[in-house]
Amino acid sequence: DRNKGAIYALYSRALREQPDLQGKLVLEFTIVPSGEVTMCRIVSSELRDPQLEQKIVARVKLSRFEARNVESMTTTKPIEFFPA
104 DRNKGAIYAL YSRALREQPD LQGKLVLEFT IVPSGEVTMC RIVSSELRDP
154 QLEQKIVARV KLSRFEARNV ESMTTTKPIE FFPA
């Protein structure tokens, strides 16, 4: 959740050029014990904006989570994007 701000900032910038841009994006990503994201891919998207989708994937890969002594974890995360 603490990484949401950077993702929504990318969406806000894209919204300036496409005011009707909205929809759900489902990401799958892997977090390793060090807290790094080693894989991120789009499972599904209603955005229909490949450039924005790739920017979001790149941003998620830069995210860092708290290091923990656990197994690597792959999870999915839906994100809803709607104009304010």
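Under my numbering, the first residue of the sequence shown is numbered 104, with each subsequent residue one higher.
Ideal placement from N, C-alpha and C gives every residue a C-beta, glycine not left out.
1. With DSSP as the reference, identify every bridge partner of residue 136, one or two as the case may be.
2. If you check the beta carbons only, do residue 155 and residue 114 fall under 8 angstroms apart?
3. How long is the line joining the alpha carbons of residue 137 and residue 161, rounded to whole angstroms?
4. By Cβ distance, which residues of its chain are closer than 7 angstroms to residue 188, with the 5 residues on each side in sequence left out?
5. When DSSP labels each residue in this structure, what does residue 153 get in the three-state scheme?
6. Going straight from the alpha carbon of residue 169 to that of residue 134, what length do you get?
7. In whole angstroms, what is the alpha-carbon distance linking residue 141 and residue 166?
8. Excluding the 5 residues flanking residue 158 on each side, which residues of the same chain have their C-beta closer than 6 angstroms to its C-beta?
Reading off the structure:
1. The partner list for residue 136 (beta bridge, DSSP) is empty, contrary to what the question assumes.
2. yes
3. 18 angstroms
4. Outside the displayed range of the chain (104 to 187) lies residue 188, so it cannot be described from this structure.
5. helix
6. 10 angstroms
7. 10 angstroms
8. 113
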